[in-house]
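Colleague:
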Amino acid sequence: MPIWSDDEILSAFSRVRCWERDGQRAPHKPLLLLMALARVQRGDDPWMAYEAIEIPLRTLLREFGPPRRSQHPEYPFWWLKSDNGLWTISDLDRLEGIERTRKNVPPTILRAEHARASLSPEIVAALRQRPALVNRIAVLLLDENFPASLHEDILDAVGMPFVDERLGERAVRDPAFREAILRAYERRCAVCGYDGRLGSSDLGLEAAHVKWHAAGGPDTVDNGLALCVFHHKSFDRGAIGLDDDRCILVSQDVNGQSHVDELILRFSGQPLRVPQEGQPPPAPAFITWHRSEVFRPPPRAVA
Ligand SMILES: [Zn+2]
Numbered sequence: 313m314p315i316w317s318d319d320e321i322l323s324a325f326s327r328v329r330c331w332e333r334d335g336q337r338a339p340h341k342p343l344l345l346l347m348a349l350a351r352v353q354r355g356d357d358p359w360m361a362y363e364a365i366e367i368p369l370r371t372l373l374r375e376f377g378p379p380r381r382s383q384h385p386e387y388p389f390w391w392l393k394s395d396n397g398l399w400t401i402s403d404l405d406r407l408e409g410i411e412r413t414r415k416n417v418p419p420t421i422l423r424a425e426h427a428r429a430s431l432s433p434e435i436v437a438a439l440r441q442r443p444a445l446v447n448r449i450a451v452l453l454l455d456e457n458f459p460a461s462l463h464e465d466i467l468d469a470v471g472m473p474f475v476d477e478r479l480g481e482r483a484v485r486d487p488a489f490r491e492a493i494l495r496a497y498e499r500r501c502a503v504c505g506y507d508g509r510l511g512s513s514d515l516g517l518e519a520a521h522v523k524w525h526a527a528g529g530p531d532t533v534d535n536g537l538a539l540c541v542f543h544h545k546s547f548d549r550g551a552i553g554l555d556d557d558r559c560i561l562v563s564q565d566v567n568g569q570s571h572v573d574e575l576i577l578r579f580s581g582q583p584l585r586v587p588q589e590g591q592p593p594p595a596p597a598f599i600t601w602h603r604s605e606v607f608r609p610p611p612r613a614v615a
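In the numbering used here, the protein residues as written are 313 to 615.
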């Protein structure tokens, strides 16, 4: 069995086809690959039964994927086999022989046939020999598909405890973008107005992309927002969004008892704080992208 080099493996993972069209997100394959990598990292059996991963993967898609009426964990489970030798399906010939399986495999068949899949044996062998590679691949998949504010949440959700220290460094991807955004918004959260400092430095204030960097969103002021840590996370998770008039939408899925009203619900329908004179507010195209690809509908009604 040939052992792949680090570069060959990283390049295979970076070329995974994600069905992204017109900026529409489809993080199915990266999320399933992260689940598979987590198993290797934990030393678990790399083979995954479809029945066992269907619900966890659907939950991941609902939590971290775009808002869609239905989720399809069967797509990546079946289609990763066409990506660069990364994926193996057990008993593939037999499964492909079953009527209708060649094109879109129905989840009922995957369940009934107890279909199992794994990262390919060559990849598993290489990752067992060189465990640090798991982190590098995880960082690559996260970087290419999600904003930094979600990386730790996703790693927690897939059960991958080891986080490469580079994950922290990359949180500030582009210091120039961060500075331009914070200056434009006069170092205040565009949702709540928070502007806390520790001595002379910002405390918990961040520059967010409206259209994610991972989805091709530019590092420009009209694609940025200064947000406190809490509202940054809420924005990237889709708990809050913006309407066409740049008023704040809060998802009906937001709930809880303690401080939820003061931290988030009360901003529903409120106008976003605009940047200082001469700086552009978020452009409509980026707001629309965020609303269709990130915000979790429906929004709460505004009194
Ligand atoms: Zn805030």
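Just so it is clear, CB atoms sit at the ideal spot from N, CA and C, and this is done for glycine as well.
Looking at Leu452 and Ile466, is the spacing between their C-beta atoms short of 8 Å?
Modeller: As a working mapping, residue 466 is identified with position 154 in the sequence shown. As a working mapping, residue 452 is identified with position 140 in the sequence shown. For Ile466 and Leu452, no; Cβs fall outside 8 Å.
Colleague: At a cut-off of 7 Å, is Phe542 close to ligand 1 when judged by its beta-carbon and the heavy atoms of the ligand?
Modeller: Against the sequence shown, residue 542 aligns to sequence position 230. Result yes, Cβ under 7 Å from ligand 1.
Colleague: Between the beta-carbon of Leu299 and the beta-carbon of Ala438, is there less than 8 Å?
Modeller: With the chain covering only 313 through 615, there is no way to say anything about residue 299.
Colleague: At which residue ranges does the stretch 372-435 contain complete alpha helix (DSSP H) runs of 4 or more residues, listed in the order of the chain?
Modeller: List check, alpha helix (DSSP H) in window: 386-391, 404-409, 419-424.
Colleague: Once the 5 residues before and after Asp486 are set aside, which same chain residues still bring their CB inside 8 Å of it?
Modeller: Reading the sequence shown from its first residue, position 174 is the one you call residue 486. Answer for Asp486: Asp531, listed in chain order.
Colleague: Sorted by chain position, which residues of the same chain lie with C-beta nearer than 8 Å to Ile410's C-beta, five sequence neighbours on each side aside?
Modeller: Against the sequence shown, residue 410 aligns to sequence position 98. Closer than 8 Å at Cβ, skipping near neighbours: Ile421, Glu425.
Colleague: Looking at Leu539 and ligand 1, is the gap between the Cβ and the nearest heavy atom below 7 Å?
Modeller: For the purposes of this step, residue 539 is taken as residue 227 along the sequence shown, with counting starting at 1. Under cutoff, so the answer is yes.
Colleague: With three or more beta-carbon pairs closer than 8 Å as the criterion, would you say the stretch 550-570 touches the stretch 592-612?
Modeller: In short, these stretches touch, since the Cβ pair count reaches three.
Colleague: Within 10 angstroms of its Cβ, does Pro459 collect 16 or more other Cβ (buried), or is it exposed?
Modeller: Within the sequence shown, numbered from 1, the residue matching residue 459 stands at position 147. Buried is the call here.
Colleague: Would DSSP call Leu344 helix, strand or coil?
Modeller: Against the sequence shown, residue 344 aligns to sequence position 32. Residue state, collapsed to three classes: helix.
Colleague: Assign Glu481 to buried or exposed, taking buried as 16 or more other Cβ atoms, counted over all protein chains shown, within 10 Å of its Cβ.
Modeller: Within the sequence shown, residue 481 is the residue found at index 169, counting from 1. Reliability of the predicted coordinates at Glu481 is poor, the pLDDT of 48 falling under 50, and no value is obtained from them.
Colleague: Please classify Gly355 as buried or exposed, where buried requires at least 16 neighbouring CB atoms within 10 angstroms.
Modeller: Position 43 of the sequence shown, counting from 1, holds the residue named residue 355. By the neighbour-count rule (16 or more Cβ atoms within 10 Å), Gly355 is not buried but exposed.
Colleague: Sorted by chain position, which residues of the same chain lie with C-beta nearer than 6 Å to Val328's C-beta, five sequence neighbours on each side aside?
Modeller: The residue labelled residue 328 in the question sits at position 16 within the sequence shown. Contacts found: Lys341, Asp395.
Colleague: Taking 7 Å as the cut-off, is the C-beta of Val503 nearer than that to any heavy atom in ligand 1?
Modeller: Within the sequence shown, residue 503 is the residue found at index 191, counting from 1. Yes, Cβ of Val503 sits closer than 7 Å to a heavy atom of ligand 1.
Colleague: DSSP three-state call for Ala483: helix, strand or coil?
Modeller: Against the sequence shown, residue 483 aligns to sequence position 171. Caution is warranted here: a pLDDT of 48 is assigned to Ala483, below 50, making its placement in the model unreliable, and no coordinate value can be reported.
Colleague: Can you tell which of Ile552, Ile321, Leu369, Ala427 has its C-alpha closest to the C-alpha of Leu539?
Modeller: Mapped onto the sequence shown, residue 539 falls at position 227. The shortest Cα separation from Leu539 among Ile552, Ile321, Leu369, Ala427 belongs to Ile552.
Colleague: Sorted by chain position, which residues of the same chain lie with C-beta nearer than 6 Å to Arg428's C-beta, five sequence neighbours on each side aside?
Modeller: Position 116 of the sequence shown, counted from the first residue, corresponds to residue 428. For Arg428, where only same-chain residues beyond five positions count, the Cβ hits under 6 Å are Trp359, Ala361, Ser402.
Colleague: Using the rule of at least 16 other Cβ atoms within 10 Å of the residue's Cβ for burial, across every protein chain shown, is Gly529 buried or exposed?
Modeller: Stepping through the sequence shown from its first residue, residue 529 is reached at position 217. It is buried - the Cβ of Gly529 has at least 16 other Cβ atoms within 10 Å.
Colleague: Distance check for Val417 and Trp524, CA to CA, integer angstroms please.
Modeller: On the sequence shown, position 212 is the one that residue 524 refers to. On the sequence shown, position 105 is the one that residue 417 refers to. Spanning the two alpha carbons is a distance of roughly 31 Å.
Colleague: Give me the Cα-Cα distance between Cys501 and Leu517, rounded to the nearest whole angstrom.
Modeller: Within the sequence shown, the letter at position 189 stands for residue 501. Within the sequence shown, the letter at position 205 stands for residue 517. Their backbone Cα atoms lie some 7 Å apart in a straight line.
Colleague: Say the cut is 7 Å; is the CB of Tyr506 nearer than that to a heavy atom of ligand 1?
Modeller: The count along the sequence shown starts at 1 and reaches residue 506 at position 194. True, at least one ligand heavy atom lies under 7 Å from that Cβ.
Colleague: How would you write the range of the alpha helix (DSSP H) that Val451 sits in, first residue to last?
Modeller: Within the sequence shown, numbered from 1, the residue matching residue 451 stands at position 139. 444-457 is the span of the alpha helix (DSSP H), which, as asked, contains Val451.
Colleague: Tell me the DSSP secondary structure of Glu521 in three-state form.
Modeller: Within the sequence shown, numbered from 1, the residue matching residue 521 stands at position 209. Just to set this straight, residue 521 is His in the shown sequence, not Glu. His521: strand per DSSP, three-state reduction.
Colleague: Mapping the DSSP letters down to three states, classify Ile560 as helix, strand or coil.
Modeller: Numbered from its first residue, the sequence shown carries residue 560 at position 248. Correct three-state label for Ile560: strand.
Colleague: Taking the beta strand (DSSP E) that Leu554 falls in, what are its first and last residues?
Modeller: Taking the sequence shown and counting its residues from 1, the one referred to as residue 554 is at position 242. Segment 552-554, the beta strand (DSSP E) holding Leu554.
Colleague: Rounded to whole angstroms, what is the Cα-Cα separation between Gly471 and Ala364?
Modeller: By one-based count along the sequence shown, residue 471 stands at place 159. By one-based count along the sequence shown, residue 364 stands at place 52. Rounded to the nearest angstrom, the two C-alpha atoms are 15 Å apart.
Colleague: Does Ala613 pass the burial test, meaning 16 or more other C-beta atoms within 10 Å, or should it be called exposed?
Modeller: Translated into the one-based positions of the sequence shown, residue 613 becomes position 301. Ala613 is exposed by the Cβ-count criterion.
Colleague: I'd like to know whether the C-beta atoms of Val533 and Ala496 end up nearer to each other than 8 Å.
Modeller: One-based indexing of the sequence shown puts residue 533 at position 221. One-based indexing of the sequence shown puts residue 496 at position 184. Yes, the pair counts as a contact, with Cβ atoms nearer than the cut-off.
Colleague: When we look at the beta-carbon of Phe325 and count the other beta-carbons within 10 Å, is it buried (16 or more) or exposed?
Modeller: In the sequence shown, counting from the first residue as 1, residue 325 sits at position 13. With 16 or more Cβ atoms within 10 Å of its Cβ, Phe325 is classed as buried.
Colleague: Tell me the residue span of the alpha helix (DSSP H) that contains Leu322.
Modeller: Taking the first residue of the sequence shown as 1, we reach residue 322 at position 10. Here the alpha helix (DSSP H) through Leu322 covers 318-326.
Colleague: Our contact map puts Pro379 next to Leu344 with C-beta atoms below 8 Å; I'd like the distance itself, whole angstroms only.
Modeller: As a first step, residue 379 must be located in the sequence shown, where it is residue number 67. As a first step, residue 344 must be located in the sequence shown, where it is residue number 32. Actually they are not in contact, since the Cβ atoms of Pro379 and Leu344 sit about 19 Å apart, beyond 8 Å.
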